[in-house]
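J.: For the record, the sequence lines run as chains A and B.
If you count by this note's numbering, then the first sequence holds residues 115 to 571, one letter each, in order.
If you count by this note's numbering, then the second sequence holds residues 115 to 571, one letter each, in order.
There are 2 protein chains.
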Amino acid sequence: METTITPRDGRSGTPASATRPRVVIIGAGFGGLNAARRFRNAPVDVTVIDRSNHFLFQPLLYQVATAELSPADISAPIRGVLRGQRNTRTMLANVSDVDVERREVIASDLGDGLEHHIPYDYLIIATGARESYFGHNDWMKRAPGLKSINDATSIRRQILLAFETAEVEDGPERIAALMTFVVVGGGPTGVEMAGAIADLAHKGVRRDFRAIDTAKARVLLVEMGQRLLPQFPQGLGAKARRALERLGVDVRLGAEVKQIDEEGALVGDEYVRAQTIIWAAGVQASPAARWLGVEPAKAGRVTVGPDLTVAGHPNIYVLGDTASARDRDGSPLPGVASVAIQQGHYAAKAILQRIRQGDPAAPVAPFRYFDRGYLATVGRTYAVGKIGPLLLSGLAAWVVWAGVHIAYLIGFRNRVLVMAQWIWKYLTYQRGARLITRDPRDTHADFRRATTASSAR
Amino acid sequence: METTITPRDGRSGTPASATRPRVVIIGAGFGGLNAARRFRNAPVDVTVIDRSNHFLFQPLLYQVATAELSPADISAPIRGVLRGQRNTRTMLANVSDVDVERREVIASDLGDGLEHHIPYDYLIIATGARESYFGHNDWMKRAPGLKSINDATSIRRQILLAFETAEVEDGPERIAALMTFVVVGGGPTGVEMAGAIADLAHKGVRRDFRAIDTAKARVLLVEMGQRLLPQFPQGLGAKARRALERLGVDVRLGAEVKQIDEEGALVGDEYVRAQTIIWAAGVQASPAARWLGVEPAKAGRVTVGPDLTVAGHPNIYVLGDTASARDRDGSPLPGVASVAIQQGHYAAKAILQRIRQGDPAAPVAPFRYFDRGYLATVGRTYAVGKIGPLLLSGLAAWVVWAGVHIAYLIGFRNRVLVMAQWIWKYLTYQRGARLITRDPRDTHADFRRATTASSAR
């Protein structure tokens, strides 16, 4: 069944108007949501489509995975963010295709599974990326990545459950495997995860257990290249490595993960028995290239021109991790939040300018990325990064990191709550969100139902 | 495979001692956890077994279900609570039986499914209760109860998704069903849920939607008896009813839910089409009676004597919702947190006294319940209740309610976070935890996996 959605005249809806250009934004991440906010009060009808109901502040996701923050602390309901924009509606739906001839986005909403066709005059695709297992998709279940709230609570569950099981386990080999954590990939996510797990194990929960010493937990960080943080200047990667080693992380450079199975992973030539393996090694763009019928660039990205539109489709913009865009000097733009944010603002401005000029292909100034810098944390109070021309490391970098992340969090409430929890943790080493909750992909998923008849509360 | 667990000499474990009496506590709710804390520094070896890793502050669970608080805000890791008690170890495991002859608790831990036998000299069973569907267990999936974090996030998901679906839906009948919420049971949980849903719909998210007016959402509260809050004095039930009606809740007294199916519920003689049905109508004790091989009392509870032990088993104490205990005047004790808390303290004191006297059946003073009162909220700033001899209603009762609940929350961190979020909500009407996350029992559970190949971010 198909339905074509046109704005209805609800209590407070924008009056349906055939004359106002329709902008459809797919994906409410950093790129899409910042584009949407730019259309506030503009003479357009905006539809934002996302398959989650919340914007997710992905740079702090590793803190949910390591039991430091709650999911809601780093999320904001998309509807809430856009509630004041009367020309904008939000749609929780799953996009399956784009009909570039009829200029329609094809989506099914999550409630009834019906197919909806959403017509657009201008389309912004900002659907991000997911993990890439480089052809080993069978590793996905065993070595989850860290892209969504559900990924994070699932990893949190796995880490906490490993300690719980080790506490009641008798075999020393099995205990060692339960207390071994392999993080694959030495980029910012991998570095931050490895540091946070080491902090949690070696400090956070140490006094909670009786039979095991969690300080003996082994955290491996495996990176194929010759240094950590390859996107950062060389010296910072070495500094991050030393900081991780001080936290007790076993950093393996130039090491490839050749196999992952139920028992563990083959790291270089060493087989490491490990219960928990976390994948932070690579990403692959969402299937936007297929929707548009264009040849994908590296990692499945969609190649865009200097105005972020797709060749032959001057009304289709692709942003962030979905796009393969180049800086003025020809170098590829990195897959970081600040690129997506700036591209979101740019796309909205370009569309509004072209609408004013009455020509969807009117010339606009090319996108220019203003690189403010980058930062990655290593454990509790250490970070490395580059702010403008300055290379920073240590506590100073961490303070900048904390300030930047608090400032970019959406919503006063989240800022206050996250700050309060950080202060609490840095004073006490305690983490507040040490909840083991069920995960649907887990084999224990039916645990509760199967045991309601015979179990402890 | 069976293993018998005896305390091991870990890094920081209590030295294994054959001479110290072993106390095993099943269930770390209000009763079990308060008993455990009483054993601090006492000459006993304590094992606390729970199938969750966290203590849950159940009285605030309805606020998680209605997107106001995060799960971690009302939970505390059991290990964290007991970390300072060197004589106490915590075990995440699922109890399947008690061998009263050999004095062993039989449990399997969640990690490997192996069976463990945990020997005890004294046993405290405080495993709580779960929903009772009065013979209609097939309603469980359609009309979930509110007992665990997973229940609460599942109900939160269902409520929020109902509005999301209604927003993109075209058929007026279907929209009406999506925006109808039936709460079954007029006790405190039902009253609090109905008030909170009405608040959320009519105020909290109203400005977020364009096609629907969430103020038109219908909230039904169905109670078989002739008044709400039957445990409270008559006048308070009538006050709660009027307060709910002011919030727009349709209160149906003397109405029975005769059938629940995919489309809705038969309420008295009216068939109500509703997407969301929440069960708060009754509870049933955990299967402790079966473990002990005793005839269960009403609602599956275990009958205990004035010292809270089971007839014929002077070393087995049963507390809280699992027990059928009587007050001095012969009236049955209600299933509320304060009874469980006081019983937990009592059981630990009785055990320690009997250990000192060297006789597990030495006479002790009978348990006496000190009834401080009870309170239930109705919406944002209204509550009804009884404090000592005083009947309270309105804002004053709400202030007392808030103070009592903040005071009883475990942990300074949770107190501050919950208070901050309440203040935020009462100032802005906004709820911070409006997250739709996946639920394993839901048919959409495999949504992500099925759609990773073709979907919006």
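From the three backbone atoms N, C-alpha and C, an ideal C-beta is built for every residue, glycine too.
Do the segment 321 to 333 of chain B and the segment 499 to 513 of chain B meet, that is, are 3 or more Cβ pairs less than 8 Å apart?
T.: The segment 321 to 333 of chain B, when compared against the segment 499 to 513 of chain B, does not touch it at the 8 Å Cβ threshold.
J.: So with CB distances below 7 Å, who are the chain B contacts of V530 of chain A?
T.: Position 416 of the first sequence, counting from 1, holds the residue named residue 530 of chain A. Chain B residues near V530 of chain A: A534.
J.: How would you label P503 of chain B, buried or exposed, when you count the other beta carbons within 10 angstroms and need 16 or more for buried?
T.: Counted from its first residue, the second sequence places residue 503 of chain B at position 389. Exposed.
J.: For N148 of chain A, which residues in chain B fall below 9 Å Cβ to Cβ?
T.: Counted from its first residue, the first sequence places residue 148 of chain A at position 34. Going along chain B, no residue has its Cβ under 9 Å from N148 of chain A, so there is no contact; the nearest lies around 14 Å.
J.: Go ahead and pull the three-state DSSP assignment for M307 of chain A.
T.: Counting from one through the first sequence, the residue named residue 307 of chain A turns up at place 193. Of the three classes helix, strand and coil, the one that applies to M307 of chain A here is helix, per DSSP.
J.: Over the uninterrupted beta strand (DSSP E) stretch that includes D265 of chain A, give me the two end residues.
T.: As a working mapping, residue 265 of chain A is identified with position 151 in the first sequence. Note, D265 of chain A: premise wrong, no beta strand (DSSP E); alpha helix (DSSP H) at I263 to V282.
J.: List, in chain order, every chain B residue whose beta-carbon is nearer than 9 Å to that of N167 of chain A.
T.: On the first sequence, position 53 is the one that residue 167 of chain A refers to. Result: L274, L275, E278, R548, L549 and I550.
J.: How big is the Cα-Cα spacing for L523 of chain A and Q172 of chain A?
T.: By one-based count along the first sequence, residue 523 of chain A stands at place 409. By one-based count along the first sequence, residue 172 of chain A stands at place 58. About 10 Å.
J.: Let me check one thing: in DSSP terms, what residues is W393 of chain A bridge-paired to?
T.: As a working mapping, residue 393 of chain A is identified with position 279 in the first sequence. Its beta-bridge partners are A:V298.
J.: To the nearest angstrom, how far is it from the Cα of E245 of chain A to the Cα of A399 of chain A?
T.: Stepping through the first sequence from its first residue, residue 245 of chain A is reached at position 131. Stepping through the first sequence from its first residue, residue 399 of chain A is reached at position 285. Each residue's alpha carbon lies about 9 Å from the other.
J.: Of all the options A:L433, A:A181, A:A150 and A:L342, which has the alpha carbon lying nearest to the alpha carbon of M205 of chain A?
T.: Position 91 of the first sequence, counting from 1, holds the residue named residue 205 of chain A. The residue with the shortest Cα to Cα distance from M205 of chain A is A:A150.
J.: Return no unless some Cβ of chain A is closer than 7 Å to the Cβ of A461 of chain B.
T.: Position 347 of the second sequence, counting from 1, holds the residue named residue 461 of chain B. Closer than 7 Å: no.
J.: Is the separation between the beta-carbon of V297 of chain B and that of Y236 of chain B shorter than 7 Å?
T.: In the second sequence, counting from the first residue as 1, residue 297 of chain B sits at position 183. In the second sequence, counting from the first residue as 1, residue 236 of chain B sits at position 122. For V297 of chain B and Y236 of chain B, no; Cβs fall outside 7 Å.
J.: Using DSSP's beta-bridge definition, name the partner residues of T328 of chain B.
T.: Here residue 328 of chain B refers to the residue found at position 214 of the second sequence. Paired residues: none, contrary to the question.
J.: How many Å lie between V195 of chain A and A437 of chain B at the Cα?
T.: Reading the first sequence from its first residue, position 81 is the one you call residue 195 of chain A. Reading the second sequence from its first residue, position 323 is the one you call residue 437 of chain B. If you take the alpha carbons of V195 of chain A and A437 of chain B, they lie about 48 Å apart.
J.: So, at 6 Å on beta carbons, what are the nonlocal neighbours of G525 of chain B in its own chain, with the 5 sequence-adjacent residues on each side left out?
T.: Taking the first residue of the second sequence as 1, we reach residue 525 of chain B at position 411. Here the set comprises A190.
J.: Could you check how far apart the C-beta atoms of G434 of chain B and F144 of chain B are, in whole angstroms? I think they sit under 8 Å.
T.: By 1-based counting over the second sequence, the position of residue 434 of chain B is 320. By 1-based counting over the second sequence, the position of residue 144 of chain B is 30. Indeed they touch by this definition, with Cβ atoms about 6 Å apart.
J.: Just to check my reading of the structure: D265 of chain A and P258 of chain A have Cβ atoms closer than 8 Å, yes? What is that Cβ distance to the nearest angstrom?
T.: Reading the first sequence from its first residue, position 151 is the one you call residue 265 of chain A. Reading the first sequence from its first residue, position 144 is the one you call residue 258 of chain A. About 6 Å separates the two Cβ atoms, so the contact holds.
J.: Please tell me whether W515 of chain B and T491 of chain B are closer than 7 Å, where the distance is taken between their beta carbons.
T.: Indexing the second sequence from 1 puts residue 515 of chain B at position 401. Indexing the second sequence from 1 puts residue 491 of chain B at position 377. The answer is yes: Cβ separation under 7 Å.
J.: Which residues in chain B have a C-beta closer than 9 Å to the C-beta of D223 of chain A? List them in chain order.
T.: Position 109 of the first sequence, counted from the start, is the residue given in the question as residue 223 of chain A. What D223 of chain A touches in chain B: E278, T279, E281, V282 and E283.
J.: When we look at the beta-carbon of G444 of chain B and count the other beta-carbons within 10 Å, is it buried (16 or more) or exposed?
T.: Residue 444 of chain B sits at position 330 when you count from the first residue of the second sequence. Per the 10 Å Cβ criterion, exposed.
J.: So which residues of chain B does H230 of chain A contact, with C-beta pairs closer than 7 Å?
T.: Looking up residue 230 of chain A in the first sequence gives position 116. Chain B residues near H230 of chain A: V282.
J.: I'd like the span of the beta strand (DSSP E) that includes S507 of chain B, first residue to last.
T.: Working through the second sequence from its first residue, we reach residue 507 of chain B at position 393. That run of the beta strand (DSSP E) goes L504 to G508.
J.: Find the residues of chain A that neighbour A379 of chain B, judging by a C-beta separation of less than 9 Å, and give them in chain order.
T.: On the second sequence, residue 379 of chain B is found 265 positions in, with the first residue counted as 1. Going along chain A, no residue has its Cβ under 9 Å from A379 of chain B, so there is no contact; the nearest lies around 19 Å.
J.: What distance in whole Å lies between the Cβ atoms of F484 of chain A and A439 of chain A, which are believed to be in contact at a cut-off of 8 Å?
T.: Stepping through the first sequence from its first residue, residue 439 of chain A is reached at position 325. Stepping through the first sequence from its first residue, residue 484 of chain A is reached at position 370. With a Cβ gap of about 14 Å, A439 of chain A and F484 of chain A do not count as contacting.
J.: Measure the alpha-carbon distance for I391 of chain A versus L314 of chain A and round it to whole angstroms.
T.: Counting from 1 along the first sequence, the entry for residue 391 of chain A is found at position 277. Counting from 1 along the first sequence, the entry for residue 314 of chain A is found at position 200. Computed Cα separation, rounded: 16 Å.
J.: Sorted by chain position, which residues of the same chain lie with C-beta nearer than 6 Å to S184 of chain A's C-beta, five sequence neighbours on each side aside?
T.: Along the first sequence, read from residue 1 onward, the residue named residue 184 of chain A stands at position 70. Cβ within range, chain order: A547.
J.: Could you tell me which chain A residues have their CB closer than 8 Å to the CB of Q482 of chain B, listed as they occur along the chain?
T.: Numbered from 1 along the second sequence, position 368 holds the residue referred to as residue 482 of chain B. Checking the displayed sequence, the identity of residue 482 of chain B turns out to be Arg instead of Gln. Within chain A, no residue comes near R482 of chain B; the closest Cβ sits about 25 Å away, beyond 8 Å.
J.: Taking A221 of chain B as part of the beta strand (DSSP E), name the residues at either end of that continuous run.
T.: Counting from one through the second sequence, the residue named residue 221 of chain B turns up at place 107. That run of the beta strand (DSSP E) goes E218 to D223.
J.: Helix or strand or just coil, what does DSSP make of Q345 of chain A?
T.: Residue mapping note: residue 345 of chain A aligns to position 231 of the first sequence, counting from 1. Three-state DSSP puts Q345 of chain A in coil, outside helix and strand.
J.: Taking beta-carbon pairs under 7 Å, can you tell me which members of the segment 242 to 253 of chain A lie near chain B?
T.: Those residues of the segment 242 to 253 of chain A that come within reach of chain B (Cβ to Cβ, closer than 7 Å) are G242 and R244.
J.: Shorter than 7 Å from the beta carbon of A186 of chain B to some beta carbon of chain A?
T.: Start at 1 with the first residue of the second sequence, and residue 186 of chain B comes out as number 72. Judged by the 7 Å Cβ criterion, A186 of chain B is in contact with chain A.
J.: Quick one: give me the first and last residue of the alpha helix (DSSP H) that A291 of chain A is part of.
T.: Here residue 291 of chain A is taken as the residue at index 177 of the first sequence, counted from 1. Note, A291 of chain A: alpha helix (DSSP H), P286 to L292.
J.: What does W538 of chain A reach in chain B if we use C-beta pairs closer than 7 Å?
T.: Within the first sequence, the letter at position 424 stands for residue 538 of chain A. The contacting residues are R527.
J.: So, with DSSP's three-state summary, where would you put A179 of chain B?
T.: Here residue 179 of chain B corresponds to residue number 65 of the second sequence, with the count starting at 1. Correct three-state label for A179 of chain B: helix.
J.: Can you tell me which of A:A395, A:A394 and A:E376 puts its alpha carbon nearest to the alpha carbon of V386 of chain A?
T.: The residue given as residue 386 of chain A occupies position 272 in the first sequence. It is A:E376.
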